[in-house]
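Protein chains in written order, with the UniProt record's numbering: chain A, 1 to 214; chain B, 1 to 165.
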Amino acid sequence: MVNKETLNQTALDVLKEVGNIGAGNAATALSKLVKKRLQMKVPSVQVVTFNEMMEMVGGPDESVAAIFLQIEGDLKGNMFFVLPIEQASLFVRQLTGSVKFSFQEPPYSDIALSAFQEMGNIVAGSYLSALSDFLQMQVVPTVPDVGIDMFGAIISYGLLEISKESDYAIVIDTEIIESDSNHQSESLIKGHFFLMPDTDSYRYILTKLGVATK
Amino acid sequence: MKTDENVVKVGIADMSYCKAPKKIRTSGLGSCVGVVLYDLSKQIAGLAHVMLPDSNLAKGKTMHKAKFADTAIVTLIRLLESKGVSQKQLKAKIAGGAQMFTFHTKNDHMRIGPRNVEAVKKALQRYAIPLVSEDVGGTSGRTIEFNPETGILLVRTVNKGMKEI
């Protein structure tokens, strides 16, 4: 069972490094796609209650655009790439060269949705392939799905498997921001990668990297 | 829906109750189902935010009863009884159980929304609680707020605005 005491400092550092490697690779891929310089914040690794998870990114009611995929293979779990809706719209306009596309209001164009999904595919793929190389583990992602809806409604899908045996989830959260923005506020781009390994998988990761778990 | 102190908030896999003039709310229901049990004459309502259909799915020991449809309904009934409500007076309204993601996977979690709805309805039948109205299924997340004074359940979705059931 996962709880707040399960992870010691070494384990936290190791999981942070996992986030670093994965999201670093993904941020590079995304930078190339949208032709912007992106920077990644130091990943945070947290053991959170489900409600704490729901409060991330502005709370359960917050409208977001998200890419969601499940991971199978040696490493099992869920991964989300979550963006503010305006941000996702901006990316899609850049990718397609069309100024019309927006996720503010449905019906969303099929092209816009598949462009966003493809972006998610590339970005999540680079996160996970870096992870797979680093851990020497087989990581098989499902085809990503797109959700444009309330954050809580989306992220709860990542809690379903974990919820069968625990009331806590381990989240490796990496935020990306635009680095050469002229804006005073920190950035336009603000996205989150959430990697949520299933209980057995995070133990496996730690064992594999030489950290003992209780 | 604005935040105010007259609203009791219920988190995921959790339950609570309220008395008029307070209202009770839960946010960001995706595949989860929000179950409201209420007694209009006493102006009391309980709300559970159910995640999974069946407590048999549980692998651990200490579980939040509100997490599973089967254990949530009976626990909510007992909670309301402890506040002086009779089970016979209770009525139900439910919302949620969307299928937000469709991709193909071995994992049957993607159908969890409809399964949650089914399980909630079955549990309501078992305790002979009439289901007055529902807003379930579809592909959108919901935030719901119940007013025990009027019996109205307000349902908000991201793109379709508010409705009352």
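Even glycine gets a Cβ: it sits at the ideal position worked out from N, Cα and C.
Counting only beta-carbon atoms, is residue i nearer than 7 Å to chain A?
| i | result |
| --- | --- |
| M15 (chain B) | no |
| I73 (chain B) | no |
| A66 (chain B) | no |
| C18 (chain B) | no |
| G141 (chain B) | yes |
| K22 (chain B) | no |
| S55 (chain B) | no |
| N147 (chain B) | no |
| I12 (chain B) | yes |
| N159 (chain B) | yes |
| M162 (chain B) | no |
| Q92 (chain B) | For clarity, residue 92 (chain B) is Ala in the given sequence; the question names Gln instead. Not closer than 7 Å to any Cβ of chain A, the Cβ of A92 (chain B) fails to qualify, so no. |
| K42 (chain B) | no |
| G113 (chain B) | no |
| K9 (chain B) | no |
| K59 (chain B) | yes |
| G137 (chain B) | no |
Please state whether DSSP places residue i in a helix, a strand or coil.
| i | result |
| --- | --- |
| G161 (chain B) | strand |
| K23 (chain B) | strand |
| T143 (chain B) | strand |
| K76 (chain A) | coil |
| V92 (chain A) | helix |
| S166 (chain A) | coil |
| K100 (chain A) | coil |
| K88 (chain B) | helix |
| G113 (chain B) | helix |
With a Cβ-Cβ cutoff of 7 Å, do residue i and residue j count as a contact?
| i | j | result |
| --- | --- | --- |
| I71 (chain A) | V139 (chain A) | yes |
| A66 (chain B) | A92 (chain B) | no |
| M51 (chain B) | S163 (chain A) | yes |
| F116 (chain A) | V92 (chain A) | yes |
| R115 (chain B) | P53 (chain B) | yes |
| R156 (chain B) | T143 (chain B) | yes |
| I176 (chain A) | L15 (chain A) | no |
| K59 (chain B) | E165 (chain A) | yes |
| A123 (chain B) | I77 (chain B) | no |
To the nearest angstrom, report how far apart residue i and residue j are at their CA atoms.
| i | j | result |
| --- | --- | --- |
| residue 193 (chain B) | F146 (chain B) | This structure cannot settle anything about residue 193 (chain B), because the visible part of chain B is limited to 1 through 165. |
| P84 (chain A) | Q104 (chain A) | 10 Å |
| F193 (chain A) | I21 (chain A) | 12 Å |
| T28 (chain A) | F101 (chain B) | 27 Å |
| Y168 (chain A) | V48 (chain A) | 5 Å |
| S82 (chain B) | I94 (chain B) | 22 Å |
| L95 (chain A) | K35 (chain A) | 10 Å |
| V7 (chain B) | G28 (chain B) | 16 Å |
| A66 (chain A) | D110 (chain A) | 16 Å |
| P197 (chain A) | S156 (chain A) | 14 Å |
| N25 (chain A) | Y127 (chain A) | 6 Å |
| S55 (chain B) | L206 (chain A) | 30 Å |
| M1 (chain A) | V45 (chain A) | Here M1 (chain A) scores only 49 on pLDDT, less than 50, and its place in the model should not be relied on; the value that follows carries that caveat. Going from the Cα of M1 (chain A) to the Cα of V45 (chain A) covers about 17 Å. |
| Q9 (chain A) | M56 (chain A) | 22 Å |
| N159 (chain B) | Y108 (chain A) | 11 Å |
Between residue i and chain B, is there a C-beta pair that is closer than 7 Å?
| i | result |
| --- | --- |
| G120 (chain A) | no |
| A124 (chain A) | no |
| S129 (chain A) | no |
| G147 (chain A) | yes |
| M150 (chain A) | yes |
| S187 (chain A) | Residue placement at S187 (chain A) cannot be trusted, given a pLDDT of 47 that sits under 50; what the coordinates show is reported in the next sentence. No, its Cβ sits nowhere closer than 7 Å to a Cβ of chain B. |
| S63 (chain A) | yes |
| P60 (chain A) | yes |
**Message:** Threshold first: 3 residues or longer. Then list the beta strand (DSSP E) segments lying entirely within the segment 102-127 of chain A, N to C.
**Reply:** none
**Message:** Threshold first: 4 residues or longer. Then list the alpha helix (DSSP H) segments lying entirely within the segment 54-85 of chain B, N to C.
**Reply:** 69-81
**Uninterrupted alpha helix (DSSP H) stretches inside the segment 42-77 of chain A (no shorter than 4 residues)** = 50-55
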